[in-house]
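These notes concern the structure reproduced below.
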Amino acid sequence: MKNYETLLIEKNNNIAVITINRPDKLNALSSTVHREGVEILDELKSDSEVRVLVIKGAGEKAFVAGADISEFADASPVQQRDIMNSRSLFTVLDTFPKPIIAMINGFCLGGGNELAMACDIRIASEKSRFGQPEINLGIIPGGGGTQRLTNLIGESKAMELILTGDMIDAPTAFNYGLVNYVYSAEELESKTMELAAKIAEKSPIALQMSKEAVKFASRSNLDEGLRREIDLFAICFSTEDKKEGVSAFLEKRKANFTGR
Ligand code: COA
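Residue numbers (our numbering): 95 to 354.
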């Protein structure tokens, strides 16, 4: 893969790890991070060697401390609207067909929290802190925060976080249901990679169908969601992976899924 200015990429054992690499700016999401992020995701989407993605921030201090505030200074409303309406990193993550785990090792704020919420699973270290501090800049979350945070933790808690701009610690984020696990800083990477490896062994097609079905739950009513689930379930019956999974169970052996 090509070299990126703001991102690092490593691929091993069907897992790609993307590092947002601006530690001196707490990995703030500049327009270059957005552009390169979309580019890298487009490439990884069709890379059959990659079954699971992990996204993390460089350095000890932050996952991502939000949008790059320095780029807000001179932006006009029309420019800003065009940027937000363009094919954004948040949307590309949200619609990415492979599972994505956000590994959160520090500040996870504003656009950083929105980025983490566009991923499928969030794993945090004890020292991470979460928040939507946009209100302190006289603006509101614009990367999906008002919607995804509300879906994840409920209107009342989301409202408080967005109206106050306050940060919450990792145990609170866990209690709210914002993150799946909290580990010590030392354990964070190994536990994240363990989970990524477990998921990477499954059928890539069944993973994709699972993601689509689960995500549909918050975007439709129950009847539509149940119908969509049946269609996606039926599609799985057309795959070699389904034959392999069922045969492996009956033959009492481990399945080897090929993604066909
Ligand atoms: N955009 C641009 N630069 C940022 C940034 C952001 N969102 N967050 C941090 N930085 C930069 C700082 O300007 C500083 O750069 P400098 O060394 O060139 O001055 C560097 O990252 C380190 O941050 P600093 O503020 O010195 O660290 P801290 O430990 O004192 O505070 C935070 C950490 C996260 C509390 C603080 O950086 C902060 O409030 N950041 C903004 C968070 C935010 O409002 N995000 C939502 C944006 S919509």
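Where a beta carbon is used, it is the ideal one built from N, C-alpha and C, also for glycine.
query, result
"Nearest to L120 (by Cα), restricted to the options E104, S222, A328 and Y277", "S222"
"Secondary structure of R313, DSSP reduced to three states", "coil"
"Sequence-ordered residues whose beta carbon comes within less than 7 Å of a heavy atom of the ligand COA", "D118, K119, L120, A122, K155, A156, A159, G160, A161, D162, I163, S164, F201, L203, G204, G205, P227, E228, N230, L231 and I233"
"Nearest-angstrom Cα separation, counted from A279 out to T113", "17 Å"
"Local Cβ density within 10 Å of I262, reported as buried at 16 or more and exposed below that", "buried"
"Close Cβ partners of L326 (< 7 Å) along its chain, the five nearest in sequence each way excluded", "M303, E306 and A307"
"Cross-strand partners of I109 (DSSP beta bridge)", "N106 and V146"
"A212, buried or exposed, once every other Cβ within 10 Å from all chains shown has been counted against 16", "buried"
"Assigned secondary structure, V273 (DSSP; H/G/I helix, E/B strand, else coil)", "coil"
"R181 in three-state terms, based on DSSP", "coil"
"Whole-number beta carbon distance between A294 and V172, since they are thought to touch under 8 Å", "That pair is no contact at about 43 Å."
"Terminal residues of the beta strand (DSSP E) in which R216 lies", "I215 to S219"
"9 Å Cβ cutoff met for V186 and G131", "yes"
"Straight-line gap, D317 to L101 (C-alpha atoms, nearest Å)", "41 Å"
"Three or more C-beta pairs below 8 Å linking the region 252-266 and the region 152-160", "no"
"Which of helix, strand or coil DSSP assigns to A161", "strand"
"Segment limits, beta strand (DSSP E) that includes I198", "I194 to I198"
"I247 - DSSP class collapsed to helix/strand/coil", "helix"
"Cut-off 7 Å between Cβ atoms - residues of its own chain near N274, not counting five sequence neighbours on either side", "I215, R216 and I217"
"Which listed residue (S297, N207 and A291) has its alpha carbon closest to that of G259", "N207"
"Reference S142; option with closest CA among E254, T126 and N106", "N106"
"Residue interval of the beta strand (DSSP E) (run including D263)", "M261 to D263"
"Enclosing beta strand (DSSP E) for R223 [first to last residue]", "R223 to G225"
"Whole-number beta carbon distance between F184 and L203, since they are thought to touch under 8 Å", "With a Cβ gap of about 15 Å, L203 and F184 do not count as contacting."
"Rounded C-alpha distance that separates A342 from R242", "38 Å"
"Sub-9 Å separation of A122 and V148 beta-carbons", "no"
"N97 vs F157 beta-carbon contact at 9 Å", "no"
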